[in-house]
Every structure is written in structure tokens, then in C-alpha cells.
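Peer 1:
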Amino acid sequence: MDFLIFKAPMLMVQASLDGILLGILFALIAYGMALQWGVMNIINIAQGDLVILGGYIAYTMYLAGIHPAWGVIVSPIIMFFIGWALYKLVINKVVDRDLFISILATFGIAIVFQQLMNFIFGADVVVAQSGYGTTMLFDNSVTLPNSKIFSAVISVLYAIGLVIYMRKSKLGRAIRATAQNARAAKILGVDTERVYAATFGINAALCGIAGALISITLTLHPYVGLPYTVRSFMIVIVAGLGNLPAVAISGMGLGLFEEFADYILGTEFRIGAVFMLLVFILVYRRFKLSKKREYLK
Amino acid sequence: MNKIVKLFITSISAITLALVSFTSSFAKVDGEYIVLGSAISLTGKYSSNGVHTQNGYNMAVDRINKMGGVKVGGKSYKFEIIYYDDESNPKRAAQLAERLIKQDGVHYMLGPYSSGLTKAIAPVTEKYKIPMVEANGASRSLFTKGYKYLFAVLSPANQYLEVAIDLAVEKNGGKPVRIAQAFEQDAFSQDVRLGILDAAKRTGSEIIIDDKLPKELNDMAATLAKVKATKPDVLVVSGHTKGALTAIRQISEMKVDVPMLAMTHCDAAKLSKQHGKNSEYALCASQWHKNLSYKDKFFGSGKKYDKDFKKEFGYAPPYQSAESSAALLVFKDAFERANSFDRDKVRDALVDTEMQTFYGNIKFGPGGQNVAKPMILFQVRCKGDTCENKVVAPTKWASDKFYHPIPKWSERG
Chain A
3 MDFLIFKAPM LMVQASLDGI LLGILFALIA YGMALQWGVM NIINIAQGDL
53 VILGGYIAYT MYLAGIHPAW GVIVSPIIMF FIGWALYKLV INKVVDRDLF
103 ISILATFGIA IVFQQLMNFI FGADVVVAQS GYGTTMLFDN SVTLPNSKIF
153 SAVISVLYAI GLVIYMRKSK LGRAIRATAQ NARAAKILGV DTERVYAATF
203 GINAALCGIA GALISITLTL HPYVGLPYTV RSFMIVIVAG LGNLPAVAIS
253 GMGLGLFEEF ADYILGTEFR IGAVFMLLVF ILVYRRFKLS KKREYLK
Chain B
9 MNKIVKLFIT SISAITLALV SFTSSFAKVD GEYIVLGSAI SLTGKYSSNG
59 VHTQNGYNMA VDRINKMGGV KVGGKSYKFE IIYYDDESNP KRAAQLAERL
109 IKQDGVHYML GPYSSGLTKA IAPVTEKYKI PMVEANGASR SLFTKGYKYL
159 FAVLSPANQY LEVAIDLAVE KNGGKPVRIA QAFEQDAFSQ DVRLGILDAA
209 KRTGSEIIID DKLPKELNDM AATLAKVKAT KPDVLVVSGH TKGALTAIRQ
259 ISEMKVDVPM LAMTHCDAAK LSKQHGKNSE YALCASQWHK NLSYKDKFFG
309 SGKKYDKDFK KEFGYAPPYQ SAESSAALLV FKDAFERANS FDRDKVRDAL
359 VDTEMQTFYG NIKFGPGGQN VAKPMILFQV RCKGDTCENK VVAPTKWASD
409 KFYHPIPKWS ERG
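Listed in order, the protein sequences are those of chains A and B. Take 3 as the starting number for the first sequence in my numbering and just add one per residue. Take 9 as the starting number for the second sequence in my numbering and just add one per residue.
1. My guess is that Asn144(B) and Phe321(B) are in contact by the Cβ rule of under 8 Å, so how many angstroms apart are they, rounded?
2. So with CB distances below 8 Å, who are the chain B contacts of Pro147(A)?
3. Considering only C-alpha positions, which residue in the set Thr126(B), Thr365(B), Ala229(B), Tyr157(B) is nearest to Gly373(B)?
4. Output needed in chain order: residues of the segment 275 to 290 of chain A with a Cβ under 9 Å from some Cβ in chain B.
5. Since Pro229(A) meets chain B, which of its residues come closer than 7 Å, beta carbon to beta carbon?
6. Applying a beta-carbon distance threshold of less than 8 Å, which residues of chain A neighbour Asp93(B)?
7. Helix, strand or coil, according to DSSP, for Leu243(B) in the structure here?
8. For the segment 376 to 387 of chain B against the segment 397 to 411 of chain B, are there 3 or more C-beta pairs whose distance is under 8 Å?
9. Give a yes or no on contact between the segment 182 to 197 of chain B and the segment 228 to 245 of chain B, applying the rule of three or more CB pairs nearer than 8 Å.
10. Can you find a CB in chain B that lies within less than 9 Å of the CB of Val155(A)?
11. Within 10 Å of its beta-carbon, does Ser33(B) have 16 or more other beta-carbons around it, so buried, or fewer, so exposed?
12. Please report the straight-line C-alpha distance between Gly274(A) and Leu280(A), rounded to a whole angstrom.
13. Taking C-alpha atoms, which residue in Tyr313(B), Thr272(B), Met228(B) lies nearest to Ala290(B)?
14. DSSP on Phe3(B), reduced to helix/strand/coil?
15. Please compile the residues from chain E whose C-beta is within a distance smaller than 7 Å of the C-beta of Val127(A).
16. Nearest-angstrom Cα distance between Asn142(A) and Asp174(B)?
17. Would you mind sorting Met236(A) into buried or exposed? The rule is 16 or more other CB atoms within 10 Å of its CB.
18. Short of 6 Å in beta carbon distance, which residues of its chain neighbour Thr231(B), apart from the five on each side in sequence? Order them along the chain.
19. Along the chain, where does the beta strand (DSSP E) that runs through Gly277(A) open and close?
20. Just to make sure I have the definition right: I need the residues of chain B whose C-beta is within less than 8 Å of the C-beta of Glu261(A). Which are they?
21. At a cut of 8 Å, does the segment 13 to 29 of chain A reach the segment 243 to 262 of chain A through at least three beta carbon pairs?
22. Could you tell me which chain B residues have their CB closer than 8 Å to the CB of Leu30(A), listed as they occur along the chain?
23. State buried or exposed for Asp360(B), treating a residue as buried only when at least 16 other CB atoms are found within 10 Å of its CB.
24. Is Asp206(B) helix, strand or coil by DSSP?
25. Compare the C-alpha of Phe4(B) against each of Gly52(B), Leu50(B), Arg71(B), Lys86(B) and name the closest.
26. Quick one: what does DSSP say Val128(A) is sitting in, helix, strand or coil?
27. List the DSSP bridge partners of Asp275(B).
28. Can you tell me whether Thr180(A) is buried or exposed? The criterion is at least 16 other CB atoms within 10 Å of its CB, across all chains shown.
29. Between Val400(B) and Ile370(B), is the Cβ-Cβ spacing less than 9 Å?
30. Kindly indicate which residue of Lys381(B), Pro131(B), Lys137(B) has the alpha-carbon position closest to the one of Thr152(B).
31. Please confirm whether Ile89(B) and Leu44(B) have their CB atoms less than 9 Å apart.
32. Chain A beta carbons: is any one of them nearer than 9 Å to that of Thr272(B)?
33. Check whether the Cβ of Ser55(B) lies closer than 9 Å to any Cβ atom in chain A.
34. Where does Phe349(B) sit, in a helix, a strand or coil, going by DSSP?
35. Tell me whether Ile42(B) sits in a helix, a strand or coil according to DSSP, three-state version.
36. Please report how far the alpha carbon of Leu146(A) lies from the alpha carbon of Gln111(B), in whole angstroms.
Right, here's the structure in full:
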């Protein structure tokens, strides 16, 4: 236990801002997971690996001399098609089966993706440089990398765009209808097969954006996807499936929780604390679990 | 008809299998070849360093074979290595070691990449009394178990950054320093940490931050914010390539000013290439550097090794390759002194090893670690946009002066 953070108020500000900026990024990944979980009832273990793949797309652009920030546009486009293809190849075969089968299938996809990325991009840890500099607050005692601010802003923009799209567009309406009741939607003329493919594609695209942002804020490696899966799983568990504001708040909450756990319990318990929280929340929800079926609003 | 075909196929495969196992049981020395075995990480998370290791082994095998091979009992033998991919997985590595020894009949082993995998294999080689010369397992715990058949050409992990603390104290006018440290939670990095604890005790220095980074973590912002608030004299970071890259990225972005920054895995992380000027002044521990003045008759000097390696593999050799090549030189020397293929005689010869290679002097301590070679420290220095690693300690090989303290970020262009 260490209470340094309570002695230095600036450290508190630093931790809070770091946590919130990171949390917004997590929330974006989690929203993708919530979306396809809600629509297709699939828990995607490969979520984190899709994120990393998106990051490698931005990194490849960086190697080719293009600024990696353009990755937030290119990466989701490519990832959308990868997601679509993945649906057609694997996911459509497990979409109506029980949850365990889909976990197994996406776990398999995760392993294949890791090895493929390892094969194509190598096992070295890589970073893309944005050269965005640093914002200094309170006479240099709080420093925020502009790349982190950039990633939070982009995440928020995309999230807002997605919400509007889900409300206004025909496909958005079809996705929401399918989430509420797939059979009824089918009877009313919604091509659910296409809706599923599009949903999985959108999820992959969100992962692509997050990955591109991670390539300029953190580091990339073929095998670091799992922590992102776990974090987004947690956020979704806390927030529920159909609720974007809740996803955003629980994302930021998780970011804050992690930072403060780091300061107070020690860095070694940072990830452990996240898992502890997950167990706690699962137990708590088990008590609270209502019979009402959750759906995407 | 179908049954007969099946029976035929079964019996043929049975005979083939029997033949294979029969011939391979003589594989330790096969005609003019001395067969060595190694499980190596060709896929999985260690695959890039696994390949560096393999390239180092292969380069030495080619060189030794070309220059007359190994002379035992008046006859010349060549080296040959059987490799299996351990997928960076300790369990798999242990199985493969078992397979190399029992099925392929290998009697002499070369080490895998990383302390973790070496730790997995060592009990197996020990059980079958197979001498293993390893070049990539530096964890101190490997040398405290009383293994009799394990020999490491590299300096143990606790020595990696001890020198850095001594250097910091020296720069502080002999007075104790305040140390902030962050280490990944794995066998290797934690051993580096133990070395720092020893050095701190010896010099009376105080450790003010002692963070242990989870393996999955790629964000050190919290640790660095604490460093900013407490202003230590030296910051020590070790967490393989990920740790090195994350540290430099966030130190430069958060504008953390420390007078001295010491790390491991800078060259494996291609730090100066990936982070350019932001990595300048970082002090890095290394097992080897091409500018050291060691020599041997196979590779000449470090510089020559560097040149030949580049020619053959198209990239500058990291120390992981150099130490792997040295392992083969040790085996050759031991075989010739033992003048026999008897495992125990070879093992006894290994115990008495005392030689110089291009990679450094090699002499094994009672635990099997190399006690004859000091670690070196280099510092990243940049001219314009090109950055280079310059040896700064120990003074005997220093090509440049150690730059201290690191200028503040506000003064750096």
C-alpha cells in the first residue's frame, strides 16, 4: 500500500486524466463488443486481436511513410471487410449455437490471428511515432501526451457517429430490430444474415480504429490482444449490452480504477485488481440478475 | 483386398519406424558428424530472438566446419544441429528436450532462447546427464540449483545493471543515490532487480520507487508520474523489449526528467531506430558489443563478426546471436580437450573451460555461469537523426565518455 497519491494533489490530477483518456479508448473497443454480443449473442474472445491487427495496419502505413494517424480512417475500412469475411467463414456457423461454442470458435480465431500477425509482422514490439508532442498543465506538473488526447477525441467522434448511424440509417434500424428479436425481424423482411455480417464488420472496424490509436499511444505486439478482450468484457458486463453512455462511463471508470489501483496497491496489482473487480461484479450481478432480457436500444 | 493393403501399409510403417528409431539411437556422433540438439523458439512471442539465436548457432557451425571441424582422437568431425520449434512455450520445450535425447539420441544440447525456457529444459538435461551449453538464459536461479550439466556463456542477470548503480554513485561524488525502479514480473527482470538491490545495499543507496510491472502491461504512465513527483537520481527499467520501448515512449511524451536512465534490451528493441532522438542518453546493459577487444581464431574480432554476420543474414548481430555463436566455440574446445565423445568426459572438460572468444572470456563458476566476462554498458548517442550505441563502461573499452546528467527535456531540441 502506498499513499503517495494522496500527498501530491497533482499526482491525483495526472492519474485521473490518464485514466479517463485511456478509459475512453477502452470504451470504444467495449462498445464494439457490446454491439455484436447484443445482436448475435457472441462473446468475441478475438476482440483484442482484432484491435492489434488494426494497429498493425496503421503501423504498416507508418513504415510506408504515411502518418499513422490516417490509420483511424484506413484501418476501420480494411477491418470492416476482414470482419465481414470472418463472419462468412466462421461466425455464421456458430451464431445460433450456444455461447460456449462461440467462445471456443472465437478463441480459435484469436490463436490463428496471433500466429498470422507473428508470421507477417514478426514478434518484435513496435511503435508508430505520431510526433504530436505534449500538453503541459499546472506549470509542467501534469503532462498529457497529445497522442492520448487525440485518441480520446477520435474515439468520442466515432462513437457519436455510430450512435447517429444506428438511429437514423436503415441498416442501423435493422441491426436494432435484429437485436430485439431476430425471428420477428426476419419475418418482417430483415435480411438477418446480412445484418449479422454487417454487425461483425462494424465491430471489427471499431477495433481497427482503436488499434490505430494504440499504435501511436502504446505499443504493439502480436500477443498483447488478450488484455483488451478482458477489459472490454468487463466494461460490457458492468454496462450491459444496449447502453452506449453506460459503456462510456464504465470504460472511463475502469481506466480510473486501473490508474488508482496502480498508485495505491502497486503496479504489480494493476491487472490483478481488474480481474478482482470482474469477479466481484460477476458475483454481484448474479444476485441482481433480473429475468428481463437485455436488448440493444 | 482392402484389409491386405492396410496390413501391408501398417507393417511397412512399423518397419520404417523401427529402422528410424534404431538408426537414430546412434545419432550422438553420426559418421563424421557430432549431432547437437536444440529446442528453439521459431514461432510464438520469442520468435525474433529465437531466430537471432539460431542464426548465431548456424553461423558458428558453418565457420567451425569450414575451418577444419572438431578434432577428436586424431579424426576431424563436423557439427550438426537438430532443431525443433518450441513455440516459445516452456512445456513444449521440455517435451522437445526429452524427444531430442530419447528419440533422436542427442547427447549434447544447446540452449533455447530466454531464461524461462532454459529453466524448463535444464531439469531434463540434468536427468539424462546431457551436457548443455546455453547462451540465452541469464536468470540467477539457473545457477543456484546445483545443476552439474548446465553451462552458460553469458553473465547472470543480476549483473546486468549493477554497474549502472556504481556509475551513478561515482557521478554523485561517491555519495549514495536515490533509485527509482520498474521491473517486469518475470524471472529475468526480477533477477536484474535483485542485482540492483545488492548494489543499493552495498552503496547505501535508497530505493524510493520499486514497481513491478505485470507482463500484460504496456502502460507505465503511473510509474513515471511517481518518478516525476519524487525526482530520483537514477531510473532503472527492465521489461524485455516491450519495457524498453514503452519506457522511452512515455518518458519522452510525459517529459520526465531524470539525471540517469538505465535499461536492458535496448538493442533487441531497436530502441535507437524506433524512437530516434527520444532514446538519446539511455544507458543500456549488454552482454556484448562489437567494439570490445576480445579475439579468437574463428571469428577474429567483434567487428569482423559483425561484418560477417551482416553479410550472411542481412542485419547487424544483436548480442543474442554473438553469445549463441560463442556456445559452439565452447563445445568445440571441450570436445578437443576431452578427446572423447564420452558425455561425462565432455562435461568435465566443460568445467575446466578457460578460453577467450570474440564474445569475451569464458570460464564457468560452480553454478555453471560465466564468471570471466563483465557486463558492459552503452549509451545511446545521436548525431542529427542517426543514433548509435556507444560503449561507456567499463572504462577499459569505453569509446565515448559517459554523458551525465541527461539534459532536461526543455533543453533538448
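Think of the CB as a built atom: it goes at the ideal place given N, C-alpha and C, for glycine as much as any other residue.
Peer 2: This is what the structure gives:
1. Residue mapping note: residue 144(B) aligns to position 136 of the second sequence, counting from 1. Residue mapping note: residue 321(B) aligns to position 313 of the second sequence, counting from 1. About 17 Å separates the two Cβ atoms, so there is no contact after all.
2. Against the first sequence, residue 147(A) aligns to sequence position 145. Ordered by position in chain B, the residues that pass the 8 Å Cβ test against Pro147(A) are Gln258, Glu261, Met262.
3. The residue given as residue 373(B) occupies position 365 in the second sequence. Measuring from the Cα of Gly373(B), the nearest candidate turns out to be Tyr157(B).
4. none
5. Along the first sequence, one-based indexing puts residue 229(A) at 227. Per Cβ cutoff of 7 Å: Glu224.
6. If you number the second sequence from 1, residue 93(B) lands on position 85. Within chain A, no residue comes near Asp93(B); the closest Cβ sits about 12 Å away, beyond 8 Å.
7. Counting from 1 along the second sequence, the entry for residue 243(B) is found at position 235. Three-state result, Leu243(B): strand.
8. yes
9. yes
10. Taking the first sequence and counting its residues from 1, the one referred to as residue 155(A) is at position 153. It does not: the Cβ of Val155(A) has no partner Cβ on chain B nearer than 9 Å.
11. Here residue 33(B) refers to the residue found at position 25 of the second sequence. Low per-residue confidence applies at Ser33(B): pLDDT is 44, beneath 50, and the placement is therefore not dependable enough to give any value.
12. The residue labelled residue 274(A) in the question sits at position 272 within the first sequence. The residue labelled residue 280(A) in the question sits at position 278 within the first sequence. About 10 Å.
13. Mapped onto the second sequence, residue 290(B) falls at position 282. Ranking Tyr313(B), Thr272(B), Met228(B) by Cα distance to Ala290(B) puts Thr272(B) first.
14. Given that chain B is displayed from residue 9 to residue 421, the structure contains no residue 3(B) and the question cannot be resolved.
15. No chain E appears in the structure shown, which is made up of the protein chains A and B.
16. Working through the first sequence from its first residue, we reach residue 142(A) at position 140. Working through the second sequence from its first residue, we reach residue 174(B) at position 166. C-alpha separation (whole angstroms): 31 Å.
17. For the purposes of this step, residue 236(A) is taken as residue 234 along the first sequence, with counting starting at 1. Buried: at least 16 other Cβ atoms inside 10 Å.
18. Locating residue 231(B) in the second sequence gives position 223, where the first residue counts as 1. Correct list, in chain order: Ala190, Asp219.
19. The sequence position of residue 277(A) within the first sequence is 275, counting from 1. A small fix is needed here, since residue 277(A) is Phe in this sequence, not Gly. No beta strand (DSSP E) contains Phe277(A), which is instead part of the alpha helix (DSSP H) from 272 to 290.
20. The residue you call residue 261(A) lines up with position 259 of the first sequence. Ala229, Ala230, listed in chain order.
21. yes
22. As a first step, residue 30(A) must be located in the first sequence, where it is residue number 28. Those within 8 Å of Leu30(A) in chain B number zero; the least Cβ separation is about 16 Å.
23. Counted from its first residue, the second sequence places residue 360(B) at position 352. By the 10 Å Cβ count, Asp360(B) comes out exposed.
24. Your numbering for residue 206(B) matches position 198 in the second sequence. If DSSP states are grouped into helix, strand and coil, Asp206(B) belongs with the helices.
25. Any property of residue 4(B) remains undetermined from this structure, which presents chain B solely from 9 to 421.
26. Within the first sequence, numbered from 1, the residue matching residue 128(A) stands at position 126. Strand.
27. The residue you call residue 275(B) lines up with position 267 of the second sequence. According to DSSP, which records beta bridges pairwise, Asp275(B) is partnered with nothing at all.
28. For the purposes of this step, residue 180(A) is taken as the residue at position 178 of the first sequence. By the 10 Å Cβ count, Thr180(A) comes out buried.
29. What you label residue 400(B) is simply residue 392 of the second sequence in a count that begins at 1. What you label residue 370(B) is simply residue 362 of the second sequence in a count that begins at 1. Not a contact, by the Cβ cut-off of 9 Å.
30. As a working mapping, residue 152(B) is identified with position 144 in the second sequence. For Thr152(B), the nearest C-alpha among the options comes from Pro131(B).
31. Working through the second sequence from its first residue, we reach residue 89(B) at position 81. Working through the second sequence from its first residue, we reach residue 44(B) at position 36. Yes; because the gap between Cβ atoms is below 9 Å, this pair is in contact.
32. Within the second sequence, residue 272(B) is the residue found at index 264, counting from 1. With 9 Å as the cut-off, Thr272(B) does not count as an interface residue toward chain A.
33. Mapped onto the second sequence, residue 55(B) falls at position 47. Yes, Ser55(B) counts as interfacial toward chain A.
34. Locating residue 349(B) in the second sequence gives position 341, counting from the first residue. Three-state result, Phe349(B): coil.
35. The sequence position of residue 42(B) within the second sequence is 34, counting from 1. Ile42(B): strand per DSSP, three-state reduction.
36. Against the first sequence, residue 146(A) aligns to sequence position 144. Against the second sequence, residue 111(B) aligns to sequence position 103. Whole-angstrom Cα-Cα distance: 58 Å.
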